[in-house]
Structure formats: structure tokens, C-alpha cells
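Colleague: Pasting a structure here, questions to come.
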Amino acid sequence: SHGDVQVERILVYSFLQNCHNCAFREELDSLKSQVIVPRPKSFLHDEFDDGELQTDGNRSGRFQNGDLELGSSVEDIFQVIGAQLAQIGDQVAHEIHPAVVNDLLQQFVNENMSREEIMRRLSDTVEELMRTVPLEMEREKAMLVLAMVLARTVTNKMPSLLQRVFNTTVNYISQNLHNYVMNM
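Quick note on numbering: our numbering labels position 29 of the sequence shown as 29, and the sequence is numbered without any gaps.
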């Protein structure tokens, strides 16, 4: 559901935000509205909501001014986690060979690549790095950090790719590591 992917969005956004001297500041700012203020409620197929708070407990968020708001505590938690992972990512980034990043960059630049294809390339690259880069952490955490470091490094080389890289990374994490992320 939309509420679920939202957590991955906050995580990846926060990771990217905690990047020192990164070249994609402006691009990231323009992405902010998609992350911090989720889409209007029509997106949730709920035209009949009158803006009252729901008490049935089935909602992952509350409606205010027509927007779905995640409980800020969840948002805060994942912003902190994203920042912590970004620090780990700073160390990991040095271990990744520039050729690996350039290969992946070329995939993202290729307009003919489908979303599934590019996500598979990202996944393959993460798997390859899992074998070649020694990371002293559990497998899921390593995959998560590597995926986000790749996203950050590629975007830093070509900021115009941010939207595509961001969406691909969020989808990759939500398909492969969702339960891990939710349990963090």
C-alpha cells in the first residue's frame, strides 16, 4: 500500500539528504514534496472522506487539509535511521569501485530500459558488491546500505537522474527489504 512505500521513501530521502557536498541539493529539494507531504487523498481512492479523523484503526495516516499525514513519529524515526545509515554509507562508498558506479550510471541514462530491467540491474549490482565488498553487518542491512550508496553516488555524478534513481531504489528496497525496514 501507499503508506508502506512511504517509509522507504522517507528512508532513502533522508539518506540522500545526509550527504556532504553533494551535487544534487536542488534536485533533492524538488523531490521533498513527494516525500514529506504525500499525495492528495484522491490518490487513495477515498473521495468520500470528509476530513474527519478515523477511529477504526485501519488507516496508516490521518487526513488533514486533504493530505495523508503519516504519524510524524514514524517519519522522525526513519529520518534518524536514514541519517545513521548515511554515516555507514560514507565508509562503504570508498569500497565501491568507480567502474561499478559508472556501469550502473549508464543503465540509468539508458531511456530504453524498463523500470523492471533497471531495478534488476540495481539488484545485480548490489549482489555483486555483497560478494566483493567486506561489510561487517547483517545481510539485509548491507543490501540496504549498498543500494542507497549506489543511488547517492550515481545521482551525485548526474543529478538530473535523481527522480529515476530515487524511484528505482525505493522500489528495490520495498520489494526486497520491506520487512527488514519495517522491523528496524
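Ideal Cβ positions, reconstructed from N, Cα and C, are used throughout, including at glycine.
1) Taking the CB atoms as reference points, tell me whether residue 151 and residue 169 lie closer together than 8 Å.
2) Just the C-alpha distance for residue 159 and residue 109, rounded to the nearest angstrom, thanks.
3) Go ahead and pull the three-state DSSP assignment for residue 176.
4) When the Cα atoms are used, what is the spatial distance from residue 145 to residue 89?
5) What three-state label does DSSP hand residue 99 in the structure shown?
6) Please classify residue 101 as buried or exposed, where buried requires at least 16 neighbouring CB atoms within 10 angstroms.
7) The alpha helix (DSSP H) with residue 147 in it runs from where to where?
8) Taking the alpha carbon of residue 129 as the point to measure from, which residue in 148, 73, 115, 111 has its own alpha carbon closest?
9) Between residue 125 and the rest of its own chain, which residues show a CB-CB distance below 7 Å, the 5 nearest in sequence each way excluded?
10) Would the beta-carbon of residue 180 fall within 8 Å of that of residue 119?
Modeller: Here's the rundown:
1) yes
2) 11 Å
3) helix
4) 6 Å
5) helix
6) buried
7) 139-157
8) 148
9) 100, 104, 150
10) no
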